[in-house]
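Line order of the protein sequences matches chains A and B. Everything in the first sequence is counted per the numbering used here, starting at 170 for the first residue and increasing by one. Everything in the second sequence is counted per the numbering used here, starting at 170 for the first residue and increasing by one. Heads up: the structure comes next, in structure tokens.
2 protein chains.
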Amino acid sequence: MAKELTSRSENYSQWYNDLVLKADLAENSAVRGCMVIKPYGYAIWEKIQAELDRMFKETGHVNAYFPLFIPKSFLSKEAAHVEGFAKECAVVTHYRLKNSPDGKGVIVDPEAKLEEELIVRPTSETIIWSTYKNWIQSYRDLPLLINQWANVVRWEMRTRLFLRTAEFLWQEGHTAHATEGEAMAEAKQMLEVYATFAENFMAMPVLKGVKSANERFAGALETFCIEALMQDGKALQAGTSHFLGQNFAKAFDVTFVDKNNKIDYVWATSWGVSTRLMGALIMSHSDDNGLVLPPKLAPFQVVIVPIYKNDEQLAAISEKVNELIPKLRKLGISVKFDNNDNKKPGWKFAEYELKGVPVRLAMGARDLENGTVEVARRDTLTKETVELEGIENYIEKLLDAIQENIYKKAFDYRTSVTRNVDSYDEFKVEIEKGGFLLCHWDGTAETEERVKDETKATIRCIPLEASEEGVCIFTGKPSKQRVVFARAY
Amino acid sequence: MAKELTSRSENYSQWYNDLVLKADLAENSAVRGCMVIKPYGYAIWEKIQAELDRMFKETGHVNAYFPLFIPKSFLSKEAAHVEGFAKECAVVTHYRLKNSPDGKGVIVDPEAKLEEELIVRPTSETIIWSTYKNWIQSYRDLPLLINQWANVVRWEMRTRLFLRTAEFLWQEGHTAHATEGEAMAEAKQMLEVYATFAENFMAMPVLKGVKSANERFAGALETFCIEALMQDGKALQAGTSHFLGQNFAKAFDVTFVDKNNKIDYVWATSWGVSTRLMGALIMSHSDDNGLVLPPKLAPFQVVIVPIYKNDEQLAAISEKVNELIPKLRKLGISVKFDNNDNKKPGWKFAEYELKGVPVRLAMGARDLENGTVEVARRDTLTKETVELEGIENYIEKLLDAIQENIYKKAFDYRTSVTRNVDSYDEFKVEIEKGGFLLCHWDGTAETEERVKDETKATIRCIPLEASEEGVCIFTGKPSKQRVVFARAY
């Protein structure tokens, strides 16, 4: 095969890069750190978007759109926010080019300097809260439950396709509430939405928890997160939901008159997932043959490959296939019939394996005679011959089974590499093996920093479901519950 | 009413601005020239997107995503393109901020200057064709039929909500073909898609034509366009589809091996519509009471307002409404039941009139007794009392009738202000009255410029359906067909 991948055991990181490129998901662009999302990759992202958008709307949210640019001064209005975000940004300083005096190309027109520089949004809390100030006067204007689908830019020095890129696509929810309790409930609700999406659609088990102060979003009082585990034993933060308290309302002076006619600052949340989920999806399930996609997010769920020696055979097969396709579509199953005559069946088999199509049907002359079809599962790489009559119902069930099996495999893997660790000596050995290490920790940033410096492991989250109490494995001080350590993407 | 609009006859431009703000469609942001699209406005844009996206996919296109930034040098690779586009752009020169030495806020870090400036895309031909170079080797790689939904930035000096903003949202299709004929057919096909969308969904009649050389897209050999007419008699370019020839392939050296094993440059098209369509939609149909939305693009098509004196009455009405809602939804009709107790029916009536909801149902105590409901049409502002039994079918037909009536009204208006003009004296009088003037023109840029300077009218398009031949009304030289003159947005 021309498109052979590096194996995971040989070089996991290279395997990932190979896969993203060879499965036509994305590639690096001419602009440093920015990717091109190719049609097949984008089709998966569209599926992700559609499901999340539906879930957001079902929980009462609406979409809107705020400017790409943020005035520089806005970033410094919230003290913690500017520390975390204002540094590695794309800065617009001019608004015009002019012909170069030497006649070659264009140069920046020095006359067209902006009075105040504009920052390409790294996240939109500041521009949105400056807008909300005009929208909120009374408790009757609350809650505001708004989401935006947008591109953002963070000038990352080391980039990797989907996982860390200078520009990425995401959604950012920004909600405004009359009470602390409501805002906190919203932040938790969106964490649940993300967890449900990750598990039910991406077939990716996630831990739900809160971030330690070190890992918290710049400007948040509490950051909730879902943490997934990749096949190489490294963790990946897949989504965050922030309880922002009244920080942004105070920074932008957003107050409201409550039911008792008292003036108070508005309470806020923000929450987001990004094209990083594509990286998580790829690394959760795929194998050395290529992508493995959960049926619920596959651009097409079934591919049909005809095997024929002459036009007559192809015509006979096509007739059967053209009867089957509408039956599948009626069940909501997406299907592609690849009758391209330029490629051989073997090439097609490898191609759709690489692209992670959940179910492949192959139909040849003998199948026609016997009234059968060959059904191949991408997740298990197994094949069987099935009667054509009623196969649409068989496939419907099979897709459910594949979705479930992919989840179970990821869940079992995670379980197998999640363990309690009760001493720092053991920790230093275990962290090399990867996986989630559940440890008692004294709750201090100092200890967390020390462990990170010495082992590159960070606290991925403090699980929402608390374990027993104990003593910190690093300092021996009291600990209220185990927390999750891992090396992370 | 608190939300009263300026009337169209008093000040059309002010009426438009009032309406956009008061109907909660969009507002200006803290960033010069950039708008905030508010949830109600964005919901209309989502409807527009969904329909267009479906139509693009039905014609074989797929979506992808290309970088926001374009290296400065790319813009000057296509000579005509740089003249048209490279000038009024947002220019990123730096990638980092740092704390200000005076401790107040942040400043641009002079150490973090980019070697080559990046331009925020004003359109993506250059970055996309630099990418296509790697995707295309053989005729087997063609055609590429790719669309992108994205934000773009053009540093406009005078901006108006939706009609002309520094940042706007759009889609841009970029296709690559093996032959000139195929590319030309694609450009024409997409013009038809736009025209069909404008007429069938926006209920907005459009003229189809080609642009004169003066008005052509920078880098195109031919620009096809749809031109709409607003209620004030001014034209609005609603969508363009460009036949780019081999210009961008030559600029980025994109060649392919054809079926005869010969190397040739690839043929290209690009085509786009933007949030400007929102402006066109608003100005095509709305009146002094507010928005008038075609049912096919209304965020909700039916609003139900209960009229009650006490909780008991509300409960009885709600029971009936809750039986009706699923019947409407089953027919694909979107409906909102506004049982908000804080607002009076009169306020609600005015509010939904302002927001252009096509059908309003009001139900009171007497309706309950009689088994009726009051049905109000937004387009005609008429009311009638209808039997509740089977009303869902009545409403389904009514929505179709409204869609048709809105189109017909716009069509009849356009017809009434479209006329042949056969002398320049007459032209100067008629152009003051607005509308489309069909005139013979000698085909020269000089004449077009002169007319523009003297009357502010431009050639909106050379219609695809040619009229009789004649002589230019400005110079007396021969003319092959009448062209469409108008003042334009």
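A virtual CB, placed ideally from N, CA and C, is assigned to each residue, including glycine. Being a predicted model, the structure only gives us computed values, none of them experimental.
- For residue 569(B), no beta strand (DSSP E) run applies; the uninterrupted alpha helix (DSSP H) run containing it begins and ends at 560-585, by DSSP.
- Taking 7 Å as the Cβ-Cβ cut-off, the stretch 270-284 of chain B approaches chain A at 274, 275 and 277, given in chain order.
- Not one beta carbon of chain B lies nearer than 8 Å to the beta carbon of residue 641(A).
- At least one C-beta of chain B is nearer than 8 Å to the C-beta of residue 262(A).
- A contact is defined here as three or more CB-CB pairs under 8 Å, and the stretch 186-203 of chain B meets this definition with respect to the stretch 330-345 of chain B.
- At a cut-off of 8 Å, the C-beta of residue 634(B) has no neighbouring C-beta in chain A.
- With fewer than 16 other CB atoms across the displayed protein chains lying within 10 angstroms of its CB, residue 512(B) is exposed.
- Shown in chain order are the members of the stretch 310-339 of chain A whose Cβ falls below 8 Å from a Cβ of chain B: 315, 319, 320, 322, 324, 336 and 338.
- Distance check between residue 299(B) and each of 420(B), 220(B) and 315(B) places 420(B) closest, using alpha-carbon atoms only.
- With contact defined as three or more Cβ pairs closer than 8 Å, the stretch 302-322 of chain A and the stretch 278-297 of chain B are not in contact.
- Scanning the stretch 192-218 of chain B from its first residue to its last, the whole beta strand (DSSP E) runs of 3-plus residues come out as 195-197 and 204-206.
- The stretch 459-472 of chain B and the stretch 230-242 of chain B do not touch, with fewer than 3 CB-CB distances between them shorter than 8 Å.
- Closest option to residue 613(B), judged by alpha-carbon separation, among 643(B), 388(B) and 368(B): 643(B).
- By the neighbour-count criterion, in which 16 or more other beta carbons inside 10 Å mark a residue as buried, residue 535(A) falls on the exposed side.
- Chain-order list of chain A residues neighbouring residue 211(B): 232, 233 and 234, by C-beta distance under 7 Å.
- Within the stretch 224-270 of chain A, complete beta strand (DSSP E) segments of at least 3 residues are found at 238-240, 260-263 and 266-268, given in chain order.
- By the Cβ neighbour-count rule, residue 432(A) is exposed, with fewer than 16 other Cβ atoms within 10 Å of its own.
- Between residue 502(A) and chain B, the shortest Cβ-Cβ separation is not below 8 Å.
- Near chain B, meaning a CB-to-CB distance below 9 Å, no residue of the stretch 404-438 of chain A qualifies.
- Against chain B, the CB of residue 526(A) has no partner CB under 8 Å away; the residue lies outside that interface.
- When the five nearest sequence neighbours on each side are left out, the beta carbons in the same chain lying within less than 7 Å of the beta carbon of residue 417(A) are those of 247, 294, 298, 388 and 437, in order along the chain.
- Along the stretch 238-258 of chain A, the positions whose C-beta sits under 8 Å from a C-beta of chain B are 238, 239, 240, 241, 242, 243, 244, 245, 251, 255, 256, 257 and 258, read in chain order.
- A distance below 6 Å between beta-carbons, with the five flanking residues on each side excluded, links residue 216(B) to the following residues of its chain, in chain order: 466.
- Within the same chain, and ignoring the five residues on either side of residue 220(B) in sequence, the residues whose Cβ sits closer than 7 Å to its Cβ are 366 and 370.
- Under the three-pair Cβ rule at 8 Å, the stretch 200-219 of chain A counts as touching the stretch 335-342 of chain A.
- Contact check between the stretch 206-214 of chain A and the stretch 184-191 of chain B: fewer than three CB pairs, one atom from each, fall below 8 Å, which does not count as touching.
- Following the DSSP letters along the chain, one finds residue 530(A) inside the beta strand (DSSP E) bounded by residues 528-532.
- For residue 266(B), the chain A residues whose C-beta falls within less than 8 Å of its own C-beta are 241, 244, 255, 256, 258, 260 and 288, listed in chain order.
- By the Cβ criterion, the stretch 311-322 of chain B is in contact with the stretch 345-356 of chain B, since at least three pairs of Cβ atoms, one from each stretch, lie closer than 8 Å.
- In summary, residue 655(B) is buried, with 16 or more beta-carbon neighbours lying within 10 Å of its beta-carbon over all protein chains present.
- Contacts with chain B (Cβ-Cβ distance below 8 Å) from the stretch 502-521 of chain A involve 511, listed in chain order.
- The C-beta of residue 344(B) comes no closer than 8 Å to any C-beta of chain A.
- When Cβ pairs closer than 8 Å are counted between the two stretches, the stretch 645-652 of chain B is seen to touch the stretch 606-621 of chain B, the count reaching three or more.
- A distance of 8 Å or more separates the beta carbons of residue 527(B) and residue 476(B).
- Closest in C-alpha terms to residue 324(B), from the list 244(A), 524(A), 263(A) and 285(A), comes 263(A).
- Distance from the CA atom of residue 593(A) to the CA atom of residue 604(A), rounded to whole angstroms, is 16 Å.
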